[in-house]
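Q: One structure is given below, represented as C-alpha cells, and several questions about it will come after.
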Amino acid sequence: MKNSDWFKIKKYPHIGSPLTIRDREWVERYIKDPVKVKAHSFSPFIHKAIKVRKYRRETVGTEKSKLRTNGEKIRHIFYANHLDSNIYGYYADLLSEKYEKYLESSAISSCVTAYRRIPLNPKNPDSRNKCNIDFANDVFNYIRGSDETHLVSITLDIKSFFDSLNHKILKRRWKEILGSGADLPEDHYNIFKNITKFSYIEENDIFSFFKSQIIVETKDGRFKSRSIDKIKYLKEKKAIAFCNAYGIKLLRESNYIRSNKYHDPSREALRIKGIPQGSPISAVLANIYLTDLDMAIQKFVGERGGLYNRYSDDLVVICKEEHKTSILEFLQASISDKENVDLEIQTTKTKVFHFIKQAGRFQCFEQSDVTGLYSQRNKMEYLGFTFDGENVLLKSSSLAGYYRKMKSSIRRGKFYSLASRTKSKGVLFKGRLYKRFTHLGSERKRLFKKSGKNDGQWVVSHRYDWGNFLTYSTLAARIMSFNSIKEQTRKTWKNFHRFLKE
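If you read the sequence shown in the working numbering, its first letter stands for residue 1, the second for the next number, and so on.
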C-alpha cells in the first residue's frame, strides 16, 4: 500500500493546526500502531449544512408541466480534524483492500462503481481511473448494443443513504470483510464506535467562539492569531485553525460540543442508524454495508439476462420488458429487508423508461401509470446525463447550475469592487472569473510550489488544478463521442461576456 494513498495534508480550519510533511513520520508511526488507535480519543467533528438549490419541472403523468418546483436539498457534512482524518483514511485503505478482494471472490466487482479506483485499461499501469462519465457511458452502450427489441431501464435512489445505515448491520458487514470472527479488533472497534456515536460542533458556533483569535498562515509561512469578521472570509484570510488543541476544553465548558449518541434530546434512546457524510472512511463503509444487497440483486437480475450497476446510492437495472415487474418487486423487498439492509427507496426518484427498437435503433419512452400510453417527452437520466436511446446530453439542470454560479459570481465581484475602499474601487478583477468559468481555466495541470530552500525556485507539487465545468463537459464529449455535448457549452464565452456587461 502506498502511503500517499491515505496520508493527506490539508489546510482547512479545524481544532488544532494542520499537519505538514514534517509530521509524516510520527503520524504514520502512531496510526499504524493498533494499540495507540485502540486508545485514541477522537476530536469532535465540525458540522456544516450545505444548501443545494433544486429546480424541477412538475410531472403530470408522463408530461412535464411549465411549472417548476423550487426546493432546497440540505447536505449535512461532518469533517474531522487533521490527525483523525488521517486515521480514518488509513483504515479506509485497509478496508478497501479487503473489500476489493471480497468483490473479486464474489464476482460483483463490475457492479459497484463508486468510491473505487477502477483503471480504464487494467493492462496499462499508467491508465487513468474510470469516473462517473465512463460508468454512465457503459450503461448507455449496453443499451445501444443490445440485440433485444424492447428493454427497460429502472433507476432509483436510496433515501437519506448515509443517515440511514443501520449500525448493527454495518458492524456485521465490517467483521465479515475483515474475517475477524465474532468481534471487531479493538482498534477497528474504536473507529466503529466513533463513526456511529460521535460528537460534533456546529461550524458557525466554533467560528463565533474564536472569531477574534483565528489562527492564520502568513506569507512567510508563520502562524499567528487574528480577528476575522465573517466565516466566509476564512479561506481568503488563509485561516488554518479555529483554535489550538486546548480549545476543546473551552468549547466543552461552554456546552458547544454536541453528542450524536442519542436519537433524541431526552437521551433515552440510543441512535441506531447513520454515519457522518464527509469522513474519509464513510464511502468505503457505505459500499461494505451493501455487499449482500449487491450480490442478491446481481444474481436476480443476471439470471434474467439483465445488467445491474450501483454508483453509491444510485442504482440502475437494464432488463427485458417481461421482467420489469418482478425486478421492481425484488428491489423493493430487498432494500427494505430489515435484517440485512433496512433502507428505504426514494420513491419520487424511481424512474422506469422503455427502450423500443425502431428502424434499427432504440427510442426512449416513458409509460403513463394512468393511461398506459407512451411518451417521448422525458429521457432517461443517469449520473448527470440524459439518454434517448442513441444520443447523450448533459442534464439541463447541470448546465443551469453552471450559468447560475457564473452570473452570481460576476454580480458578487461587481458588488465588492464598488464597496472597496482602496484605489481599485470599481475595478472588477476578472482573472479569477475567467479561470473559473471559461476555457481559459479548463486545462488540468499539476501545481507548483516553492522549494522551501529560500532559493526562489519552484518545484512540481503533488496537487492538481482540476479545471472547471468546461473541463468536465469536454471530457464527457470525448468519452461519449458526442458533439451534442460540445454544442451545449458552445455559447459559454458569449454568455460570460454578456453577464459582465449587465
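Every residue gets a Cβ at the ideal spot worked out from N, C-alpha and C, and that includes glycine.
#1: What are the complete alpha helix (DSSP H) segments, minimum 4 residues, inside the region 242 to 282?
#2: Name the one or two DSSP bridge partners that valine 37 has.
#3: Terminal residues of the continuous beta strand (DSSP E) containing lysine 528?
#4: Which term fits threonine 371, buried or exposed, when burial requires 16 or more other beta carbons within 10 angstroms of its beta carbon?
#5: Taking contact to mean 3 or more Cβ pairs, one atom from each stretch, closer than 8 angstroms, check whether the region 181 to 194 and the region 225 to 234 are in contact.
#6: Am I right that asparagine 137 and methionine 380 are in contact with their C-beta atoms under 8 angstroms? What's the rounded C-beta distance?
#7: Report the three-state DSSP secondary structure of glutamine 367 (helix, strand or coil).
#8: Within 10 angstroms of the Cβ of leucine 393, are there 16 or more other Cβ atoms? Answer buried if so, exposed if not.
#9: State the DSSP-derived secondary structure class of isoleucine 240, mapped to helix, strand or coil.
#10: By how many angstroms is the C-alpha of arginine 446 removed from the C-alpha of valine 459?
#11: Let me know the secondary structure DSSP gives threonine 113 once reduced to three states.
#12: What does the alpha-carbon distance come out to for the pair phenylalanine 355 and alanine 239?
#13: Examine the Cβ distances between the region 277 to 297 and the region 212 to 227 and report whether three or more of them are shorter than 8 angstroms.
#14: Considering Cα atoms alone, identify which of Ser164, Thr218, Gln358 and Asp342 is closest to isoleucine 275.
#15: Cα separation between cysteine 111 and proline 185?
#16: Apart from the five residues on each side of it in sequence, which residues of its chain come closer than 8 angstroms, Cβ to Cβ, to leucine 399?
#17: Shortest alpha-carbon distance to asparagine 51 belongs to which of Phe496, Ile77, Ala39 and Lys38?
#18: Just to confirm the assignment, what range does the alpha helix (DSSP H) spanning leucine 315 have?
#19: Apart from the five residues on each side of it in sequence, which residues of its chain come closer than 8 angstroms, Cβ to Cβ, to isoleucine 201?
#20: May I ask you to report which of helix, strand or coil DSSP gives glutamate 303?
#21: For the alpha helix (DSSP H) containing histidine 497, list its first residue and its last residue.
#22: In angstroms, rounded to a whole number, what distance separates the CA positions of glutamate 329 and glutamate 97?
#23: Hey, quick one: how far does the beta strand (DSSP E) through serine 336 stretch, first residue to last?
#24: Can you name the start and end residues of the beta strand (DSSP E) that tyrosine 88 belongs to?
#25: Check each candidate in Leu331, Ala359, Pro18 and Lys351 and name the one with the smallest Cα separation from glutamate 344.
#26: Who are the near neighbours of isoleucine 21 in its chain, counting only those whose CB is closer than 8 angstroms to its CB and skipping five residues on each side?
#27: Can you tell me where the alpha helix (DSSP H) holding glutamine 457 begins and where it ends?
#28: Determine which residues share a DSSP beta bridge with arginine 310 and list them.
#29: Locate the beta strand (DSSP E) running through phenylalanine 7, then write down its first and last residues.
#30: Near isoleucine 87, what residues of its chain come up, given a Cβ to Cβ distance below 6 angstroms and the 5 sequence neighbours on each side ignored?
#31: Whole angstroms are fine: how far does the CA of aspartate 33 sit from the CA of arginine 226?
#32: Considering only the alpha carbon of each residue, which of Gln457, Gly441 and Arg478 lies closest to tyrosine 464?
#33: For leucine 293 versus valine 341, is the C-beta distance shorter than 7 angstroms?
#34: Could you tell me which of Val27, Asn129 and Lys486 sits nearest to histidine 82, measuring between CA atoms?
#35: Can you check whether the CB of isoleucine 108 is closer than 7 angstroms to the CB of methionine 406?
#36: With DSSP as the reference, label threonine 350 as helix, strand or coil.
A: Based on what the coordinates show:
#1: 247 to 253
#2: Start at 1 with the first residue of the sequence shown, and residue 37 comes out as number 37. Residue pairing from DSSP leaves valine 37 without any beta-bridge partner.
#3: Within the shown structure, residues of the chain are numbered from 1 to 502, placing residue 528 beyond reach of any answer.
#4: Locating residue 371 in the sequence shown gives position 371, counting from the first residue. Result: exposed.
#5: no
#6: Position 137 of the sequence shown, counted from the first residue, corresponds to residue 137. Position 380 of the sequence shown, counted from the first residue, corresponds to residue 380. Wrong, their Cβ atoms sit about 13 angstroms apart, outside the cutoff.
#7: Walking along the sequence shown from the start, residue 367 turns up at place 367. The answer is strand: DSSP assigns glutamine 367 an E or B state.
#8: Working through the sequence shown from its first residue, we reach residue 393 at position 393. Buried.
#9: Position 240 of the sequence shown holds residue 240. Of the three classes helix, strand and coil, the one that applies to isoleucine 240 here is strand, per DSSP.
#10: Sequence index remark: in the sequence shown, residue 459 carries index 459 (1-based). Sequence index remark: in the sequence shown, residue 446 carries index 446 (1-based). Each residue's alpha carbon lies about 10 angstroms from the other.
#11: Here residue 113 corresponds to residue number 113 of the sequence shown, with the count starting at 1. The answer is coil: DSSP assigns threonine 113 none of H, G, I, E or B.
#12: Start at 1 with the first residue of the sequence shown, and residue 355 comes out as number 355. Start at 1 with the first residue of the sequence shown, and residue 239 comes out as number 239. Roughly 53 angstroms separates the two Cα atoms.
#13: no
#14: Counting from one through the sequence shown, the residue named residue 275 turns up at place 275. The candidate whose alpha carbon is nearest that of isoleucine 275 is Ser164.
#15: What you label residue 111 is simply residue 111 of the sequence shown in a count that begins at 1. What you label residue 185 is simply residue 185 of the sequence shown in a count that begins at 1. Answer to the nearest angstrom: the Cα atoms are 29 angstroms apart.
#16: One-based indexing of the sequence shown puts residue 399 at position 399. Excluding residues within five positions, the ones whose Cβ falls inside 8 angstroms are Gln488 and Thr489.
#17: Along the sequence shown, one-based indexing puts residue 51 at 51. Just to set this straight, residue 51 is lysine in the shown sequence, not asparagine. Residue Ile77 is the option with its Cα nearest to lysine 51.
#18: Within the sequence shown, numbered from 1, the residue matching residue 315 stands at position 315. Taken as a continuous stretch (DSSP letters only), leucine 315 belongs to no alpha helix (DSSP H), being part of the beta strand (DSSP E) at 314 to 320.
#19: Walking along the sequence shown from the start, residue 201 turns up at place 201. Closer than 8 angstroms at Cβ, skipping near neighbours: Pro44, Phe45, Ile46, His47, Leu251, Tyr256, Ile257 and Arg258.
#20: As a position in the sequence shown, residue 303 is number 303, starting the count at 1. Looking at glutamate 303 - three-state DSSP - the assignment turns out to be coil, as it is neither helix nor strand.
#21: Start at 1 with the first residue of the sequence shown, and residue 497 comes out as number 497. It spans 492 to 501 - the alpha helix (DSSP H) in which histidine 497 sits, taken as one unbroken run.
#22: Within the sequence shown, the letter at position 329 stands for residue 329. Within the sequence shown, the letter at position 97 stands for residue 97. Their Cα atoms are separated by approximately 34 angstroms.
#23: Position 336 of the sequence shown, counted from the start, is the residue given in the question as residue 336. Unbroken run through serine 336: none, as it is neither H nor E.
#24: By one-based count along the sequence shown, residue 88 stands at place 88. It is not in any beta strand (DSSP E) - tyrosine 88 instead sits in the alpha helix (DSSP H) that spans 82 to 106.
#25: Position 344 of the sequence shown, counted from the first residue, corresponds to residue 344. Per the Cα distances, Leu331.
#26: Position 21 of the sequence shown, counted from the start, is the residue given in the question as residue 21. Here the set comprises Ile9.
#27: For the purposes of this step, residue 457 is taken as residue 457 along the sequence shown, with counting starting at 1. Segment: none, glutamine 457 is in no alpha helix (DSSP H) and carries neither H nor E.
#28: Residue 310 sits at position 310 when you count from the first residue of the sequence shown. As DSSP reads the structure, arginine 310 sits in a beta bridge with Val112 and Leu315.
#29: What you label residue 7 is simply residue 7 of the sequence shown in a count that begins at 1. Per DSSP, phenylalanine 7 belongs to no beta strand (DSSP E) and is neither H nor E.
#30: If you number the sequence shown from 1, residue 87 lands on position 87. If we look at isoleucine 87 and ignore the five residues flanking it on each side, its Cβ neighbours are Ile31.
#31: In the sequence shown, counting from the first residue as 1, residue 226 sits at position 226. In the sequence shown, counting from the first residue as 1, residue 33 sits at position 33. Each residue's CA atom was taken as its position, placing arginine 226 and aspartate 33 some 37 angstroms apart.
#32: Looking up residue 464 in the sequence shown gives position 464. Checking every option, the nearest Cα to that of tyrosine 464 belongs to Gly441.
#33: Translated into the one-based positions of the sequence shown, residue 293 becomes position 293. Translated into the one-based positions of the sequence shown, residue 341 becomes position 341. Yes, Cβ-Cβ distance for leucine 293 and valine 341 is below 7 angstroms.
#34: One-based indexing of the sequence shown puts residue 82 at position 82. Of the candidates Val27, Asn129 and Lys486, the one whose C-alpha sits nearest the C-alpha of histidine 82 is Val27.
#35: The residue labelled residue 406 in the question sits at position 406 within the sequence shown. The residue labelled residue 108 in the question sits at position 108 within the sequence shown. No, the Cβ-Cβ distance between methionine 406 and isoleucine 108 is not below 7 angstroms.
#36: Taking the first residue of the sequence shown as 1, we reach residue 350 at position 350. Looking at threonine 350 - three-state DSSP - the assignment turns out to be coil, as it is neither helix nor strand.
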